[in-house]
Amino acid sequence: MVTMTELHKYGTRKFIMPGTAACPGCPLQVGMRQLAMALDGKFVMVIPAGCSSIIPGTAPYTAYTVPVLHVPFASSPAVASGIVRAVRQRGNEGPVVVWAGDGATADIGFATLSGAAYRNEDILYIMADNEAYMNTGIQASGTTPWMAWTTTSPRGKTEDKKDVALIMLMHKVPYVATASIAYPMDFIDKVRRAMQVKGFRFIHLHAPCPPGWKMDDAYTIRAARLAVETGAWILWEYNQGKLTISPPSIPFKDRARRKPLEEYLKIQGRFAHLKPEDIKLMEEKIDRQWDLILKLAEIYK
Amino acid sequence: MTGQISLAKQVKKVLVGDHAVAEAVKLARVNVISAYPITPQTLIVERISEMIERGELKADYIRVESEFAALATVYGAAAGGARAFTATSSHGLFYMYEMLWWAAASRVPLVMAVVTRVLGPPWNIHDEHTDLLAIRDSGWIIGMAQNVQEAFDMTLTAFKISEDEKVLLPVAIGLDGFILSHTAEPLDIPSQEDVDSWLPPRNPRIPYTIEPGGEPITMGNLPKNDVYHALLKKYMDESMENAKKVIAEVYDEYGKLTGRNYGPLTECYRCSDARYIAVSMGAWSGDIMGAIERLRDEGYPVGLLRIRYLRPFPEEDITAWINGAKGVIVFDRDYSAGLGGVLASEISGFIPSNVSFEGVLAGLGGFDVSPDEFRGIIKEFIDKTEREGPIKIRKYWYIPKVEG
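Read top to bottom, the protein sequences are chains A and B.
For reference, each letter of the first sequence is one residue, going 11 to 311 in my numbering.
For reference, each letter of the second sequence is one residue, going 8 to 411 in my numbering.
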């Protein structure tokens, strides 16, 4: 387990140089910094089109401090497969990480993701999920939640959020987890445990986006934490045959201990149009998700 | 070393074109191969997987889920410092389209075989060059082989050309579907030892390596100024120009190694005293040569200019060969909708106004054109020009009568 003392060591270390093009309150820099702490800054990133293509700023400069290959939207798992085979042939066992958004992962890049996972390529895949195509101006993606406003779902999205982590679990890869930028210790531990395993590792990182969620810039971490505390985002980990609920989510197995869902929804303008019956239905969906994850935890004991 | 000594080290084999390409990949000691099955390319990657299984080639073979992933994977491998290869055809090539551009402008060395095939609909697996020609703007060096030996030689030399610091552009090698890919021909194959002495392992640091713990470089983020992007294209253009020289140098060395000498960008058959020049590329050039032979016997002063590399575009060769010609007739096994034949369109700009010109669209969809038919078309063009003076026909659809 990572300790606070260890994290303090990274207090002044600039894994991402200042002056990026990120929006105020951007969760991606938070998450990427946590990833860099977990890997002590020694890794390669493959980044498909998305916010993280823009954040490092303009060539010939970059804010990222590790080798980075920016690649077309749908290609990152395939490109990373090639990189990892090439460097392993030369005896380099370092981490090759795909850092991708939800659109690149759940939608356009889903085939290459599935391919790399089924081949069990030695890649760590971080899906930084801000729940829409934020870089192009907030269009609905496969992981945009039901009823959320986006520019392409002006009256609320009609489909449910695609559960990418569970789909990856069914690929029978050695490591799959969900994580949240509001729980850095949990995320860092997960990255480090994932690195103990060889093969395809997938972490679905929840990353609330202030402009995309029509939310105050100051609420990034609060929203991420409320997602967990209301039970809407369940932190779990599957590691080589065993699925467990992660410590921050354990209290919320008990429905009674979850905060009211409205607390999470009311700070987000994208849900402002919800009626009480919508919220009730949303709570039912959350209950069903908990049932499913808890049953899986029993199966993968 | 003399030609004779090196020739003695070669082995004669009888291989179909696809297997000859696989043989070249093995001799080049490629590190990473990734491909997706598509007819008529499939024999290449089947043979390569067998070679790897048998331990003849030490490489990673990555079985991907699409051609887009195949190119993305070998692109990643090349960025990671490996020598990488893929192969495809037709729809597969088009499924790669986005990655083709990304790979070229990333300036990583790569080699791809394109076994040419018609694009649907309707479904048709036969030979046409339209697929290969559709990538001509992407930044790939594009070669087109005439026979199995040349498909082998072009593939092997492609690694040397692509990895040259003055070039650093990917190379696509075209070979005609079925006509070359599935047709067995005898060819000479140099020994592994000779190839090793001529083609050392790829230097993973050139142009750059994306590797864990490596230099924190970034490839592909936004340009600070769009002019940088324009400069990149200009540099690619300069590299294409350099490639003309590098291709010549590489074939010169290769000729010393194998005794086989090529054009290198173009070859002109019976052109020295020709007043009329036919132009073509690919396997049917052999049939056109047959037609030229017969026309020569009939007293027609005609030669065949065969395009070996379409990119970089061999304009100096073309202008030199057609200099003084009375007429030029171009055969296209491809079609750019709304324009005409691609070769004819590209070459027509170099034809002086007083020179007769005809672009012939033939063999589309894969139908065969016999030496006798070529003879008839060329003869008619020459006769008409002699009778009426310079004619200008940018596209003539040669469509044989269909029975049944």
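Glycine included, each C-beta is placed from N, C-alpha and C at the ideal position.
| Asked | Found |
| --- | --- |
| Cβ neighbour criterion (16 or more within 10 Å) applied to L22(B) | buried |
| Beta-carbon proximity check, A237(A) vs Y274(A), cutoff 8 Å | yes |
| Minimum Cβ-Cβ distance from W291(B) to chain C less than 8 Å | Looking for chain C here will not work: the only protein chains present are A and B. |
| Residues, ordered as in the chain, of the region 230-258 of chain B that lie near chain A by beta-carbon distance below 9 Å | P230, K231, N232 and Y235 |
| Which listed residue (V337(B), E323(B) and E322(B)) has its alpha carbon closest to that of G310(B) | V337(B) |
| DSSP beta-bridge partners of P308(B) | In the DSSP output, where bridge partners are listed per residue, P308(B) has none listed. |
| Whole-number beta carbon distance between G99(B) and D134(B), since they are thought to touch under 8 Å | No, D134(B) and G99(B) are not in contact; Cβ-Cβ is about 15 Å, not under 8 Å. |
| Test: S73(B) CB closer than 8 Å to a CB of chain A | yes |
| Neighbour list for V40(A) in chain B, Cβ cutoff strictly below 9 Å | Near V40(A) there are no residues of chain B at all, since even the closest Cβ is about 20 Å away, more than 9 Å. |
| Residues near M243(B) by beta carbon distance below 6 Å, same chain, minus five either side | G146 |
| Residues from the region 58-69 of chain A in contact with chain B, defined by Cβ distance under 8 Å | S63, I64, P66, G67, T68 and A69 |
| is_contact[F53(A), chain B] using C-beta, thresh 8 Å | yes |
| Short Cβ contact (8 Å threshold) for Q99(A) with N38(B) | yes |
| Proximal residues, the region 83-99 of chain A versus chain B, C-beta separation under 9 Å | F83, A84, S85, S86, P87, A88, V89, A90, S91, G92, I93, V94, R95, A96, V97, R98 and Q99 |
| Residues bridged to E365(B) [DSSP beta-bridge criterion] | I336(B) and I400(B) |
| Chain B contacts made by the region 105-118 of chain A, where a contact means CB separation under 7 Å | P105 and V106 |
| Contact between the region 116-126 of chain B and the region 125-136 of chain A (3+ Cβ pairs under 8 Å) | no |
| G29(A) burial status per 10 Å Cβ neighbour count (16 or more: buried) | exposed |
| Sub-8 Å separation of P319(B) and R282(B) beta-carbons | no |
| Where H18(A) sits in the DSSP three-state scheme | helix |
| Nearest candidate by alpha-carbon position, reference F25(A), set L271(A), V107(A), D50(A) and T13(A) | D50(A) |
| Chain-ordered chain A contacts of I412(B) [CB-CB under 7 Å] | No answer is possible for residue 412(B): the residues shown for chain B start at 8 and end at 411. |
| As assigned by DSSP and simplified to three states, the class of G10(B) | The predicted model places G10(B) with a pLDDT of 43, which falls under 50 and marks its position as unreliable; any figure quoted below should be read in that light. DSSP places G10(B) in helix when its eight states are reduced to three. |
| Buried or exposed by the 16-neighbour rule on C-beta atoms within 10 Å, applied to K173(B) | exposed |
| contact_flag[the region 87-95 of chain B, the region 33-48 of chain B] where n(CB pairs < 8 Å) is 3 or more | yes |
| Through-space distance from S151(A) to D170(A), alpha-carbon basis | 10 Å |
| Where N145(A) sits in the DSSP three-state scheme | coil |
| Span of the alpha helix (DSSP H) around M195(A) | P194 to M205 |
| For D196(A), the nearest candidate out of P37(A), A31(A) and Q44(A) (CA to CA) | Q44(A) |
| Bridge-paired residues (DSSP) for A179(B) | M119(B) and I149(B) |
| Own chain residues within Cβ distance below 6 Å of D173(A), not counting five before or after | none |
| Short CB-CB distance (under 8 Å) between P223(B) and chain A | yes |
| Contact list for the region 31-43 of chain B against chain A, Cβ threshold 8 Å | N38, V39 and S41 |
| Proximity winner among M157(A), K200(A), A127(A) and G125(A), relative to T254(A) (alpha-carbon distances) | K200(A) |
| Pair within 8 Å by beta-carbon distance, D203(B) and Q17(B) | no |
| Inter-residue Cα distance where the pair is I254(B) and L272(B) | 7 Å |
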